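Below: one structure, written as structure tokens.
In my numbering, the protein residues as written are 17 to 536.
Here it is, written out as structure tokens:
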């Protein structure tokens, strides 16, 4: 076992809304979250950067949000969401890609850790890769660490599920039976996700098979925050009698961020809202009934979500699930709300339901555990290996001509989940379209070998010369073995306006024969 007592072993979870960082304490033998709030008592920080033009300085996290609206400043948010889309920002006149901007944010995060011990070195970093991240997003994440001057310290990008389960099994693997069944519920910003896992422990390695997963983009914490902002706006107009102008989105976002904890943490207790972003300021007394009416629909949604996840896992009844599942792990910022914790506890009853002290930082803590294990710091604990039948084992895409070469362009990327949303791709046909055009769907395996998968025929295209038919092609999986392609005409300049052409294809991939094998 290697000794890194004097060094930092870090786990970083970069979320689009908030981020967190954890340090594995080698002396104490456990991960510890780092307070990023600058005295506000929060273990995570908003993933927001503010550039102050007057002083040419960057401000990050809580400071940036609290300082929003100051003169002569530029606020940059949605940093993670803008990875891989090629967009850029110009906070001080110079155009920056979002990987570069994220590099600035990472550098500021790590500065907070360094203040704990300025003389300590960084032994290694494991970063959480969101489940939706494709290869380009992961490449941008690596580029961001390089931009922060930490590229050589990055041990690897680790899936969020691997971090969460790593955190759990680090605490429990010596107590667990050789085989166990675990359920995770991740109530994050983008969506709610659940998985059921069968685990077997062999020595220092935990092998895990994901037997079922479920997600819902409609009940993520972001949707709840949006609803809270709308509610606060409603009460603001009730308070001022409807005489004031509609407050700006910026003012409401800032107000909701600062006050929503009152709504979520003090359920069934009246609260007083002070609207101090207009003159004269107003106030509104929010009753316990107001809070109950707001929270109840979300409680119902979360309960329905859990029930659907258990059905997808093949449990015939709630009682059967409670008998077979050993532990339920609840993580994600949504579980920092009291009503969400209560909903999970009420559903599972006496079943062991685990809430980490800081639900949002559980992934960062798990990442620091993974980093410590890979550095050889943790005795008798080596690795979490997850296999998931819901992930693609190969890229699926088209070959697109670029100058004299044909380049493989993925429509669905390897290791992504079948249920993920995928951005469309745009292609220009190299053939005349006065007759049906056949295009080939290809697969690319982990070794980079490309082979033919399926052929589809485009019928009734607008009749145009070669090289002037631009199509938007979108791909989605309706199930693990059912892929839908949608091709639409985009037009080509003023000479060839967009037509009405649209064609849909449903492809049934034989999971026992065709790659990608979705039964991995």
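Cβ coordinates follow ideal geometry from the N, Cα and C atoms, glycine included.
Small disclaimer: the values here were computed from a predicted structure and weren't measured.
Any chain C beta carbon closer than 9 Å to residue i
i: residue 171; result: No chain C is part of this structure, which consists of one protein chain only.
Buried versus exposed call for residue i [16 or more other C-beta atoms within 10 Å across all chains shown]
i: residue 475; result: exposed
i: residue 122; result: buried
i: residue 47; result: buried
i: residue 290; result: exposed
i: residue 38; result: buried
i: residue 442; result: exposed
i: residue 377; result: buried
i: residue 254; result: exposed
i: residue 299; result: exposed
i: residue 404; result: buried
i: residue 495; result: exposed
i: residue 429; result: buried
i: residue 480; result: buried
i: residue 233; result: exposed
i: residue 459; result: buried
i: residue 368; result: exposed
i: residue 437; result: exposed
i: residue 98; result: buried
i: residue 421; result: exposed
i: residue 564; result: Residue 564 falls outside the range modelled here, since the chain spans only 17 to 536, and no answer is possible.
Beta-carbon proximity check, residue i vs residue j, cutoff 9 Å
i: residue 35; j: residue 60; result: yes
i: residue 63; j: residue 31; result: yes
i: residue 142; j: residue 179; result: yes
i: residue 200; j: residue 345; result: yes
i: residue 8; j: residue 144; result: The chain is shown only over 17 to 536; residue 8 falls outside these bounds and no answer can be derived.
i: residue 186; j: residue 347; result: no
i: residue 220; j: residue 398; result: yes
i: residue 183; j: residue 382; result: yes
i: residue 116; j: residue 163; result: yes
i: residue 126; j: residue 166; result: yes
i: residue 355; j: residue 321; result: no
i: residue 461; j: residue 485; result: no
i: residue 523; j: residue 448; result: no
i: residue 209; j: residue 402; result: no
i: residue 394; j: residue 318; result: no
i: residue 65; j: residue 95; result: yes
i: residue 107; j: residue 90; result: yes
Rounded separation between residue i and residue j - CA only
i: residue 424; j: residue 413; result: 7 Å
i: residue 27; j: residue 76; result: 19 Å
i: residue 223; j: residue 390; result: 16 Å
i: residue 211; j: residue 372; result: 17 Å
i: residue 92; j: residue 477; result: 42 Å
i: residue 410; j: residue 489; result: 19 Å
i: residue 101; j: residue 487; result: 19 Å
i: residue 541; j: residue 137; result: With the chain represented from 17 up to 536, any question about residue 541 goes unanswered, as that position is not in the structure.
i: residue 536; j: residue 272; result: The predicted model places residue 536 with a pLDDT of 32, which falls under 50 and marks its position as unreliable; any figure quoted below should be read in that light. Taking the straight line from one Cα to the other gives about 43 Å.
i: residue 238; j: residue 218; result: 39 Å
i: residue 301; j: residue 309; result: 15 Å
i: residue 527; j: residue 497; result: Low per-residue confidence applies at residue 527: pLDDT is 41, beneath 50, and the placement is therefore not dependable, though the value from the model is reported in the following sentence. In a straight line, the C-alpha of residue 527 is about 6 Å away from that of residue 497.
i: residue 512; j: residue 518; result: 16 Å
i: residue 307; j: residue 286; result: 8 Å
i: residue 23; j: residue 49; result: 16 Å
i: residue 350; j: residue 387; result: 26 Å
i: residue 365; j: residue 335; result: 11 Å
i: residue 268; j: residue 312; result: 23 Å
i: residue 171; j: residue 510; result: 51 Å
i: residue 434; j: residue 463; result: 21 Å
i: residue 333; j: residue 363; result: 13 Å
i: residue 521; j: residue 326; result: 31 Å
i: residue 229; j: residue 342; result: 17 Å
i: residue 248; j: residue 456; result: 52 Å
i: residue 114; j: residue 338; result: 44 Å
One or two residues paired with residue i in a DSSP bridge
i: residue 488; result: 442, 504
i: residue 415; result: 424
i: residue 401; result: 223
i: residue 408; result: The partner list for residue 408 (beta bridge, DSSP) is empty, contrary to what the question assumes.
i: residue 38; result: 27, 49
i: residue 211; result: 200, 229
i: residue 519; result: 503
i: residue 163; result: DSSP lists no partner for residue 163.
i: residue 524; result: 498
i: residue 175; result: 145
i: residue 512; result: 508
i: residue 459; result: 412, 467
Any non-hydrogen atom of the ligand MG closer than 8 Å to residue i Cβ
i: residue 347; result: What this structure holds is no ligand at all, so the ligand MG is not there to describe.
(message) Please give the ranges of any alpha helix (DSSP H) in the stretch 349–375, keeping only runs that are unbroken, at least 4 residues long and fully inside the region.
(response) 354–364
(request) For the stretch 65–151, list the alpha helix (DSSP H) runs that are entirely contained and at least 4 residues long, ordered along the chain. (result) 78–82, 114–130
(request) Run through the stretch 299–359 for me and flag every whole alpha helix (DSSP H) of 4 or more residues, listed as ranges in chain order. (result) 304–328, 334–340
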